[in-house]
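Here's the structure we're looking at; comments come further down.
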Amino acid sequence: MLINFEICLSGKFREFLLKCVSTGNTDAVYYEGLYAATFDVEHAINILEPNVPRHTLSTLAVGVFNVCLGEDKEASKVFWSLLQFMTTLGQMPYWNWPMSLSGDCLCSWRHI
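Residue numbers are given in numbering that gives the first Met the number 0: position 56 of the sequence shown equals residue 55, and the series is strictly consecutive.
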């Protein structure tokens, strides 16, 4: 689904989008969060946080935005919350994250 230019500030569907956001429509919140990121990444994170971790794309966006802001620990928490949520739902194999002696993370797949 492409973001329609009619939902921007002067677009004819902007009011409808904002009503959808106010009712908690996760897709509308996601698109509004992406739009907000064009002028204020921290504001975008605030908009998207209610969707975390239930909405995959919102969660990924919040994680990436935190990385961009230099908030690596917060980004890690967000990515882990998504992984745990998806594993709980049985949507993907879980990750086995053994640590090497140097503290580096060695990732490997383990299928359920």
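Where is the CB? At the ideal position from N, CA and C, for every residue including glycine.
Do you know offhand how far residue i's Cα is from residue j's?
i	j	result
GLY32	LEU59	12 Å
VAL20	THR87	27 Å
THR37	ALA43	9 Å
PHE15	GLY62	28 Å
GLN83	GLU73	15 Å
Could you tell me which of the options sits nearest to residue i, measuring between CA atoms?
i	options	result
VAL40	LYS18, GLU70, MET85, ARG13	GLU70
GLU48	PHE12, THR25, LEU17	THR25
ALA27	SER57, LEU68, VAL66	SER57
Within 7 Å: the Cβ of residue i and any heavy atom of the ligand NAD?
i	result
PHE64	Inclusion of the ligand NAD in the displayed structure is not the case, the ligand content being empty and no account of it being possible.
Query - contact_flag[the region 42 to 52, the region 73 to 86] where n(CB pairs < 8 Å) is 3 or more - result: yes
**Report entry** Minimum length 4: unbroken alpha helix (DSSP H) runs contained in the region 31 to 65
**Finding:** 40 to 47
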